[in-house]
Amino acid sequence: MAKEHKQSSAITPLFSAEAIENRIREIGTEISLDFASATTESPLLLIVVLKGAFIFAADLLRTITIPCIVDFIHASSYGSRKISSGNVTIKHNLAIEGRDILLVEDIVDTGLTIQQVTAELMTMKPASLSICTLLDKPEARKHPVVARYTGFIVPNAFIVGYGIDFNEQYRGLPSLGVLDS
Ligand code: IMP
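Residue numbers for the sequence shown follow this note's numbering, so the first one is 44 and each next one is one higher.
If you want it as C-alpha cells, here you go:
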C-alpha cells in the first residue's frame with residue numbers, strides 16, 4: 044500500500060515513483076554497458092554527493108550490474124534557503140587516482156556545485172570522471188556543466204522529494220514535485 048504523506052499538500056506532482064524507477068533502470072543499464080570493462084580489481088567508483096542524491100544513488104546502485112564500489116562526498120550550497128549561496132563546501136577523504144569515477148548528483152542547477160566538485164576531484168587524477176544527475180535544470184545554468192547521464196530535464200522551479208529537500212524537509216516523499224512558493 045502506498046504511504047500517505049501529510050507534507051505533500053504544498054507540492055505539485057512532477058514525476059511519480061514508478062516513472063523514477065523506470066528511468067533509473069534505463070540509466071543503470073546504460074552505465075553497465077558503458078563501463079562493461081570494470082572488474083572486481085578495477086571497479087567503477089560511484090561518488091555520491093550528499094545529502095540530496097542518497098536515495099537516487101541507492102536505487103541506481105541496485106540497477107548497475109558491473110562491479111562497482113561507493114563512496115560519499117558532502118557538498119552544500121543552499122543552507123536553509125531556496126537560493127544558492129554561491130559558496131560550496133566540499134568534505135571528503137577519497138583515494139581516486141587511476142579510477143573510473145561516476146559522480147552521482149541530485150540536481151544540476153547553476154552548475155556551481157558540480158563544477159567545483161569536479162575540479163577538486165580532477166586534481167586527484169582519476170582515469171575518467173563522468174557525471175550522473177537525477178535532475179537537470181538547464182535554464183538555471185551559469186557554469187558550463189554537461190552530465191553524461193540525466194534522469195529528467197526539469198523547469199527552473201524548486202523541486203523536492205525522493206531525497207531532495209527544502210530546509211531538510213520532504214526527502215522522504217517517494218515522488219518528485221515542485222514546492223509551491
Ligand atoms: P548548483 O550548485 O546551483 O548547481 O546547485 C546544486 C545543488 O543545489 C543541488 O545538488 C541541490 O542540493 C541544490 N538544489 C538545486 N536546485 C534545487 C531544488 O530545486 N530543490 C532542492 N535543492 C536544489
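All C-beta atoms, glycine included, are put in the ideal place defined by N, C-alpha and C. The model shown is predicted, which means the values in this text are computed figures rather than measured ones.
Q | Gln159 versus Leu145 - alpha carbon distance | A | For the purposes of this step, residue 159 is taken as the residue at position 116 of the sequence shown. For the purposes of this step, residue 145 is taken as the residue at position 102 of the sequence shown. C-alpha separation (whole angstroms): 15 Å.
Q) Run through DSSP, which three-state label would Ile126 get? A) Position 83 of the sequence shown, counted from the first residue, corresponds to residue 126. Reliability fails at Ile126, whose pLDDT of 49 lies under 50, so the model's placement of it is uncertain and no value is given.
Q) Considering Glu64, what are the terminal residues of the alpha helix (DSSP H) in which it resides? A) Sequence index remark: in the sequence shown, residue 64 carries index 21 (1-based). That run of the alpha helix (DSSP H) goes Ala60 to Asp77.
(Q) What would DSSP say about Met44, mapped onto helix, strand or coil? (A) Translated into positions along the sequence shown, residue 44 becomes position 1. Confidence is the limiting factor: at Met44 the pLDDT is only 46, short of 50, which leaves the residue's position unreliable and the question unanswerable from this model.
Q.
For ligand 1, I want to know if Glu6 counts as a neighbour, meaning its beta carbon is within less than 7 Å of at least one of the ligand's heavy atoms.
A. Not covered by the structure: residue 6. The range shown for the chain is 44 to 224.
Q. So is the beta-carbon of Gly95 under 7 Å away from any non-hydrogen atom of ligand 1?
A. As a first step, residue 95 is located in the sequence shown; it is residue number 52 there, counting from the start. Indeed, a heavy atom of ligand 1 lies less than 7 Å from the Cβ.
(Q) For Ile54, which residues in the same chain have their Cβ closer than 8 Å to its Cβ, ignoring the five residues on either side in sequence? (A) Reading the sequence shown from its first residue, position 11 is the one you call residue 54. Counting only Cβ-Cβ distances below 8 Å, and skipping sequence neighbours, we find Val203, Gly204, Tyr213, Leu216, Gly220, Val221, Leu222 and Asp223.
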